[in-house]
Each structure stands twice: as C-alpha cells, then as structure tokens.
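Undergrad: Just so we're aligned: the sequence shown equals residues 624 to 696 in my numbering.
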Amino acid sequence: MCSRCHALDGRGDPEIRKTLPAVRDFHDPEFQARATSDGIARVIMAGKGQMPAFGASLSVPKIQELSGYVRRL
C-alpha cells in the first residue's frame, strides 16, 4: 500500500512526486529530525492531505511496525 507513492525504498516515487509533491522522502534528514514514531503512526492511522487513512485496514501493532520501519530508514 505504501510503496505505490513512497516507492519500495521510501524515497518517494518520482512520477507520483511530480503530481503530489507532498509525498515524503523518508530518508530526508529534516523529516527524520522532526518526525516522531507516534506522529508517523497517527498519519498512517488517520491519513493526511491526499494520503488515505489505514486505521481501519491495519492493526495497531502493524501500524507501530510501519512507524518503526519509517524511522529506521
């Protein structure tokens, strides 16, 4: 679900970023400096902007795992 916009490496799909420039590059040091695991989990759960919410389709443990994965990038 995530790689469609964020790409397999978390840097953001270049073609998607042309039309949706807000797609995050999870490797960006500025993003990593200000993002928190809880904040990332909230966005995954509730969505933000054009990113859909996944709280109804993913369990809380899975959302926490994804948040941790994004932090490790």
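By construction, the Cβ of each residue, glycine as well, lies at the ideal position given by its N, Cα and C atoms.
1) Beta carbon of H650, beta carbon of D636: below 9 Å?
2) By DSSP's criteria, K671 is part of a beta bridge. Which residues make up the other side?
3) Kindly give me the distance between the Cβ atoms of S690 and A664, rounded to whole angstroms, as I take these residues to be in contact under 8 Å.
4) For S660, collect the residues of the same chain with a Cβ closer than 7 Å to its Cβ; drop the 5 residues on either side in sequence, then sort them by chain order.
5) On the premise that C628 lies in contact with I639, defined as a C-beta separation below 8 Å, what is that separation, rounded to the nearest angstrom?
TA: Reading it off the structure:
1) no
2) M674
3) 4 Å
4) S690, G691, R694
5) 5 Å
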